[in-house]
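Here the structure is laid out as structure tokens; the discussion comes afterwards.
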Amino acid sequence: MASLIHYNSINYDKKRQALAKRYPLVLNDDERLDSVKVSCYDPALVPSDLKDHITDRLLFLAYTALSEKQQTILSLFYVQNLNDKEISIIMGGSQQNISKHRLKAISKLREVLQKSEEERIRGTNGMDGTNS
């Protein structure tokens, strides 16, 4: 039990730090800073893919069913903490197109998980004898 609490606290701290890095206080909005951040992007520095972070079997299967482009966009967005503008520069495309692909991928994942939850609920109701 202690190790479970220990690892959950580490994961919580990692998420909190990532969130703090993602939304820093910016007093001067300098366009040159975006180009510096993108030019420093090196995929070898952060080799992990979003697949490596997914622990739920159903979510993993739904993720692997996405197109390669959608998987790459989600990995860059959630693992590398890049925004749509930075991803569009890296992948070559418009910011709007990247946003559309990201939102479509999230929608597909949500749909698969909701269907699974509904099937699980139907299966539970059928087993307890309440549905005739």
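In the working numbering, the protein residues as written are 61 to 192.
Using N, Cα and C, we set each Cβ at its ideal position, and we do this for glycine too.
These numbers come from a predicted model, not from an experiment.
On the criterion of 16 or more Cβ atoms from any shown chain inside 10 Å, does residue i qualify as buried, or is it exposed?
i: residue 165; result: buried
i: residue 69; result: exposed
i: residue 123; result: buried
i: residue 167; result: exposed
i: residue 135; result: buried
i: residue 63; result: exposed
i: residue 127; result: exposed
i: residue 181; result: exposed
In three-state terms, what does DSSP make of residue i?
i: residue 183; result: helix
i: residue 71; result: helix
i: residue 78; result: helix
i: residue 122; result: helix
i: residue 157; result: helix
Do residue i and residue j have their C-beta atoms closer together than 8 Å?
i: residue 145; j: residue 155; result: yes
i: residue 139; j: residue 161; result: no
i: residue 173; j: residue 119; result: yes
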